[in-house]
Amino acid sequence: MTGVEMQTKVERVSGTLSIPQEKLLSAYTYSYLNDAQDLFIKETFEKQFEKAQPELDDLRTLMVVDHEVANLTEDTAAKLWEGDLPDNYRHLIADSTKTVYCSSTDTYANRLIRSEFLREVLTFTYSKTAFDSPVSNIHGAKIRVYYSDFVISTVYIDYIKIPLEISVSQACELPESVHPEIVKKAINSLIEIYDPQRLQGKLITDQVNEQVT
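Residue numbers for the sequence shown, in UniProt numbering: 1 to 213.
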(Lines of atoms letter the chains of each structure in order from A and count residues from 1; the text may use other names and numbers.)
(Lines give C-alpha, C1' and ligand atoms only; values in the text may rest on other atoms or scores of the structure.)
Protein backbone atom coordinates (compact mmCIF):
# COMPACT_ATOMS: atom_id res chain seq x y z
CA MET A 1 0.00 0.00 0.00
CA THR A 2 1.08 3.58 -0.57
CA GLY A 3 1.09 6.02 2.32
CA VAL A 4 -2.17 7.52 1.07
CA GLU A 5 -3.79 4.08 0.77
CA MET A 6 -2.84 3.25 4.36
CA GLN A 7 -4.14 6.63 5.52
CA THR A 8 -7.42 6.14 3.69
CA LYS A 9 -7.93 2.67 5.14
CA VAL A 10 -7.30 3.85 8.71
CA GLU A 11 -9.71 6.76 8.33
CA ARG A 12 -12.40 4.70 6.58
CA VAL A 13 -12.42 1.88 9.14
CA SER A 14 -12.05 4.23 12.12
CA GLY A 15 -14.94 6.30 10.82
CA THR A 16 -17.23 3.30 11.32
CA LEU A 17 -16.10 2.87 14.95
CA SER A 18 -17.26 6.12 16.55
CA ILE A 19 -13.81 7.71 16.47
CA PRO A 20 -14.15 11.53 16.59
CA GLN A 21 -13.86 12.91 13.06
CA GLU A 22 -11.50 15.68 14.15
CA LYS A 23 -9.03 12.96 15.13
CA LEU A 24 -9.05 11.51 11.62
CA LEU A 25 -7.25 14.41 9.97
CA SER A 26 -4.30 13.26 7.87
CA ALA A 27 -1.69 14.66 10.30
CA TYR A 28 -3.16 12.57 13.13
CA THR A 29 -3.54 9.52 10.92
CA TYR A 30 0.09 9.50 9.80
CA SER A 31 1.19 9.96 13.40
CA TYR A 32 -0.71 6.81 14.39
CA LEU A 33 0.61 4.93 11.35
CA ASN A 34 4.20 5.79 12.19
CA ASP A 35 3.73 4.84 15.83
CA ALA A 36 2.22 1.55 14.65
CA GLN A 37 5.16 0.97 12.32
CA ASP A 38 7.62 1.54 15.18
CA LEU A 39 5.66 -0.80 17.45
CA PHE A 40 5.58 -3.53 14.78
CA ILE A 41 9.36 -3.32 14.33
CA LYS A 42 9.98 -3.43 18.09
CA GLU A 43 7.64 -6.36 18.71
CA THR A 44 8.91 -8.35 15.72
CA PHE A 45 12.56 -7.86 16.63
CA GLU A 46 12.09 -8.70 20.32
CA LYS A 47 9.92 -11.73 19.58
CA GLN A 48 12.31 -13.19 17.02
CA PHE A 49 15.45 -12.63 19.09
CA GLU A 50 14.01 -14.79 21.85
CA LYS A 51 14.52 -17.69 19.43
CA ALA A 52 17.78 -19.57 18.88
CA GLN A 53 17.52 -18.93 15.13
CA PRO A 54 15.60 -15.69 14.65
CA GLU A 55 13.63 -15.16 11.45
CA LEU A 56 13.52 -11.51 10.51
CA ASP A 57 11.90 -11.83 7.09
CA ASP A 58 9.22 -9.27 8.00
CA LEU A 59 12.01 -6.74 8.59
CA ARG A 60 14.18 -7.70 5.61
CA THR A 61 13.67 -4.39 3.81
CA LEU A 62 15.17 -2.56 6.79
CA MET A 63 18.26 -4.75 7.12
CA VAL A 64 21.70 -3.30 6.45
CA VAL A 65 24.48 -5.90 6.29
CA ASP A 66 28.26 -5.63 6.49
CA HIS A 67 28.19 -1.96 7.37
CA GLU A 68 31.70 -0.73 8.15
CA VAL A 69 31.69 1.20 11.42
CA ALA A 70 32.96 4.75 10.94
CA ASN A 71 35.31 6.94 12.99
CA LEU A 72 37.13 4.19 14.85
CA THR A 73 39.28 5.65 17.61
CA GLU A 74 41.56 3.87 20.06
CA ASP A 75 41.50 4.13 23.83
CA THR A 76 44.85 2.62 24.81
CA ALA A 77 44.13 2.80 28.54
CA ALA A 78 40.95 0.73 28.20
CA LYS A 79 42.43 -1.36 25.35
CA LEU A 80 39.49 -0.82 23.03
CA TRP A 81 38.51 0.68 19.71
CA GLU A 82 35.29 2.68 19.58
CA GLY A 83 33.24 3.71 16.53
CA ASP A 84 29.99 5.45 15.69
CA LEU A 85 26.74 3.60 15.16
CA PRO A 86 24.97 4.86 12.00
CA ASP A 87 22.49 7.74 12.32
CA ASN A 88 19.71 5.43 11.10
CA TYR A 89 20.58 2.57 13.49
CA ARG A 90 17.67 0.94 15.34
CA HIS A 91 18.59 -2.64 16.36
CA LEU A 92 21.79 -4.67 16.16
CA ILE A 93 21.57 -8.05 14.45
CA ALA A 94 25.23 -9.08 14.47
CA ASP A 95 28.72 -7.59 14.67
CA SER A 96 32.17 -8.77 13.64
CA THR A 97 35.76 -7.58 13.57
CA LYS A 98 38.65 -7.97 11.15
CA THR A 99 41.67 -8.72 13.34
CA VAL A 100 45.38 -9.01 12.72
CA TYR A 101 47.20 -11.60 14.82
CA CYS A 102 50.81 -12.55 14.10
CA SER A 103 50.77 -12.84 10.30
CA SER A 104 47.08 -13.77 10.06
CA THR A 105 44.25 -11.41 9.08
CA ASP A 106 40.64 -12.58 9.20
CA THR A 107 37.14 -11.52 10.21
CA TYR A 108 35.48 -13.10 13.24
CA ALA A 109 32.10 -12.78 14.94
CA ASN A 110 32.18 -10.63 18.05
CA ARG A 111 30.85 -11.63 21.45
CA LEU A 112 28.43 -8.84 22.31
CA ILE A 113 28.43 -8.42 26.10
CA ARG A 114 26.01 -6.35 28.17
CA SER A 115 27.65 -3.58 30.20
CA GLU A 116 26.86 -5.15 33.59
CA PHE A 117 28.81 -8.31 32.67
CA LEU A 118 31.66 -6.64 30.81
CA ARG A 119 34.22 -6.34 33.62
CA GLU A 120 33.78 -9.98 34.61
CA VAL A 121 34.12 -11.23 31.03
CA LEU A 122 37.21 -9.14 30.31
CA THR A 123 39.04 -10.24 33.48
CA PHE A 124 38.15 -13.95 33.55
CA THR A 125 40.92 -15.98 31.91
CA TYR A 126 38.69 -18.18 29.78
CA SER A 127 36.37 -15.44 28.52
CA LYS A 128 38.81 -12.63 27.75
CA THR A 129 38.74 -10.96 24.37
CA ALA A 130 40.71 -12.86 21.73
CA PHE A 131 41.68 -12.37 18.10
CA ASP A 132 39.22 -15.06 16.98
CA SER A 133 36.47 -14.07 19.44
CA PRO A 134 36.61 -10.32 20.15
CA VAL A 135 34.48 -8.90 22.96
CA SER A 136 32.18 -6.03 21.96
CA ASN A 137 29.75 -3.74 23.75
CA ILE A 138 27.16 -1.13 22.78
CA HIS A 139 27.88 2.08 24.66
CA GLY A 140 25.32 4.77 23.91
CA ALA A 141 25.63 5.64 20.22
CA LYS A 142 28.97 3.82 19.97
CA ILE A 143 30.14 0.25 19.54
CA ARG A 144 33.28 -0.78 21.40
CA VAL A 145 35.56 -3.71 20.62
CA TYR A 146 38.22 -4.76 23.10
CA TYR A 147 41.67 -6.05 22.15
CA SER A 148 44.59 -7.77 23.87
CA ASP A 149 47.51 -9.19 21.88
CA PHE A 150 45.94 -8.56 18.48
CA VAL A 151 45.21 -5.56 16.27
CA ILE A 152 41.71 -4.41 15.33
CA SER A 153 41.51 -3.48 11.66
CA THR A 154 37.81 -3.01 10.85
CA VAL A 155 34.49 -3.44 12.66
CA TYR A 156 31.32 -4.47 10.81
CA ILE A 157 27.68 -4.57 11.90
CA ASP A 158 24.42 -5.95 10.53
CA TYR A 159 21.51 -3.90 11.79
CA ILE A 160 17.88 -2.88 11.42
CA LYS A 161 17.65 0.72 10.28
CA ILE A 162 15.11 3.34 11.32
CA PRO A 163 12.42 3.43 8.60
CA LEU A 164 11.41 6.57 6.78
CA GLU A 165 8.18 8.00 8.12
CA ILE A 166 5.00 7.08 6.27
CA SER A 167 3.47 10.14 4.61
CA VAL A 168 1.54 11.34 1.57
CA SER A 169 4.70 10.99 -0.50
CA GLN A 170 6.44 8.14 1.34
CA ALA A 171 5.19 4.55 1.35
CA CYS A 172 5.90 2.19 4.22
CA GLU A 173 9.35 0.63 3.73
CA LEU A 174 8.33 -2.66 5.31
CA PRO A 175 7.19 -5.52 3.04
CA GLU A 176 3.73 -5.13 1.53
CA SER A 177 2.58 -8.27 3.36
CA VAL A 178 2.79 -6.54 6.76
CA HIS A 179 1.07 -3.28 5.78
CA PRO A 180 -2.38 -4.53 6.92
CA GLU A 181 -0.92 -5.35 10.34
CA ILE A 182 0.39 -1.80 10.69
CA VAL A 183 -2.99 -0.39 9.68
CA LYS A 184 -4.67 -2.60 12.32
CA LYS A 185 -2.27 -1.41 15.01
CA ALA A 186 -2.97 2.22 14.08
CA ILE A 187 -6.73 1.64 14.27
CA ASN A 188 -6.43 -0.20 17.58
CA SER A 189 -4.45 2.73 19.01
CA LEU A 190 -7.28 5.07 18.06
CA ILE A 191 -9.86 2.77 19.64
CA GLU A 192 -7.77 2.39 22.80
CA ILE A 193 -7.72 6.16 23.26
CA TYR A 194 -11.24 7.10 22.27
CA ASP A 195 -13.30 3.97 22.98
CA PRO A 196 -11.14 1.61 25.10
CA GLN A 197 -14.01 -0.61 26.28
CA ARG A 198 -14.78 -1.67 22.72
CA LEU A 199 -11.21 -2.90 22.21
CA GLN A 200 -11.79 -5.63 24.79
CA GLY A 201 -14.39 -7.41 22.72
CA LYS A 202 -13.78 -10.07 20.10
CA LEU A 203 -16.46 -8.49 17.89
CA ILE A 204 -14.52 -5.25 17.42
CA THR A 205 -11.31 -7.18 16.71
CA ASP A 206 -13.07 -9.26 14.07
CA GLN A 207 -14.65 -6.14 12.60
CA VAL A 208 -11.27 -4.41 12.22
CA ASN A 209 -9.64 -7.52 10.78
CA GLU A 210 -12.46 -7.98 8.27
CA GLN A 211 -12.33 -4.39 7.02
CA VAL A 212 -8.53 -4.14 6.80
CA THR A 213 -7.65 -7.45 5.17
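All residues carry an ideal CB built from backbone N, CA and C; glycine is no exception.
Fair warning: this is a prediction, and the values are worked out from it, not measured in the lab.
Distance from the CA of Glu-176 to the CA of Glu-5, rounded to the nearest whole angstrom, comes to 12 Å. Closest option to Tyr-101, judged by alpha-carbon separation, among Ile-157, Tyr-147, His-179: Tyr-147. In this chain, Thr-61 is not harboured by any alpha helix (DSSP H), its DSSP state being neither H nor E.
Taking 3 residues as the minimum length, the beta strand (DSSP E) runs contained wholly in the region 55-132 are 63-68, 70-75, 80-84, 89-101, 104-109, in order along the chain. A check of alpha carbon separations from Tyr-194 across Gly-3, Lys-9, Glu-181, Gly-15 identifies Gly-15 as the nearest. In this structure Lys-142 is in contact with Glu-82, their Cβ atoms being roughly 5 Å apart against a cut-off of 8 Å.
Ile-152: member of the beta strand (DSSP E) spanning 151-161, first to last residue.
Excluding five sequence positions before and after Val-65, the CB atoms of its chain that fall closer than 7 Å to its own CB belong to Asp-158, given in chain order. Between Leu-17 and Ile-191 a beta carbon distance of about 6 Å is seen, short of the 8 Å cut, so the two are scored as contacting. The straight-line gap separating the alpha-carbon atoms of Arg-144 and Lys-185 is approximately 36 Å. One Cα belongs to Arg-12, the other to Ile-166, and the distance between them is close to 18 Å. Nearest neighbour of Val-121 by Cα position, chosen from Arg-90, Phe-40, Ser-136, Thr-2, turns out to be Ser-136. Distance check between Asp-132 and each of Ser-115, Lys-98, Ile-162 places Lys-98 closest, using alpha-carbon atoms only. The beta-bridge partner set that DSSP reports for His-139 consists of Lys-142.
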